[in-house]
Amino acid sequence: MKIFQRSNKLIDKAVGQSTIEFIMIIPVIIVLVLAASQAGYTIYRKNVLQQASREGARIISTTNDNSMAIKVIRNICGIEGKNTSISIDPERASDRKIGDMVTISLMDCPGGLFNIIEKISGKKAVISAGSSMRMECY
3 MKIFQRSNKL IDKAVGQSTI EFIMIIPVII VLVLAASQAG YTIYRKNVLQ
53 QASREGARII STTNDNSMAI KVIRNICGIE GKNTSISIDP ERASDRKIGD
103 MVTISLMDCP GGLFNIIEKI SGKKAVISAG SSMRMECY
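In the numbering used here, the protein residues as written are 3 to 140.
Here's what the structure looks like:
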């Protein structure tokens, strides 16, 4: 009987140790999962900004209408794009002629984990995208 009692105590200690190890490692695993998901979301936002800049450049090159391009860019960026800065070069429609290049540049802050990094480092994380197209109409 004493042999069984000793082995139970050893098993209880091993179970307790593995529980403590699990409790200590779970925050590290959670941080790694969150960092990986933040990286994926940042890549997604970069792709959305790139698509929006292409569409904006296409609209300006075919219609020469800044307001329509900005509306479409905001629509593509969705609710996350409310802080997206939009730059159109040349800015005024009257400065563009057929054959000239029009460039759309977008900048956005990714948020999430990057807000924490910004507070620690003092540097702001920015996602940017741009597209250029040749004017096809006035």
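C-beta: ideal position from N, C-alpha, C; glycine also.
query                                                                                                                                                              : result
Assuming MET70 is part of the alpha helix (DSSP H), what are its boundary residues?                                                                                : 68-79
Would you say the region 116-123 touches the region 55-68, given that touching needs at least three Cβ pairs under 8 Å?                                            : no
Between MET3 and the rest of its own chain, which residues show a CB-CB distance below 7 Å, the 5 nearest in sequence each way excluded?                           : With a pLDDT of 49 at MET3, under the threshold of 50, the modelled position of that residue is not reliable, and the figure given next carries that caveat. So no residue of the chain qualifies.
Following the continuous beta strand (DSSP E) through ILE106, name the residue where it begins and the one where it ends.                                          : 103-110
Once DSSP output is grouped into helix, strand and coil, what is the label at ILE90?                                                                               : strand
Whose C-alpha, out of ASP97, ASP67, VAL74 and VAL33, is nearest the C-alpha of LYS84?                                                                              : VAL74
The alpha helix (DSSP H) spanning SER123 covers which residue range?                                                                                               : 115-123
Can you tell me where the beta strand (DSSP E) with SER130 in it begins and where it stops?                                                                        : 129-136
Report the option in PHE24, LEU51 and PRO29 whose CA atom is closest to the CA atom of GLU112.                                                                     : One point to set straight first is that residue 112 is Pro, not Glu, in the sequence displayed. With distances taken between Cα atoms, PRO112 lies closest to LEU51.
Say whether the region 125-134 touches the region 94-102, bearing in mind that this needs 3 or more beta-carbon pairs closer than 8 Å, one atom from each stretch. : no
Quick one: residues in its chain with C-beta nearer than 8 Å to the C-beta of THR64, no 5 flanking neighbours on either side, listed in chain order?               : GLU138 and CYS139
Suppose contacts are defined by Cβ-Cβ distances below 8 Å. Is ILE62 in contact with ILE88 by that definition?                                                      : no
Assign VAL35 to one of two classes, buried (16 or more other C-beta atoms within 10 Å of its C-beta) or exposed (fewer than that).                                 : exposed
Helix, strand or coil: which one does DSSP assign to ARG47?                                                                                                        : helix
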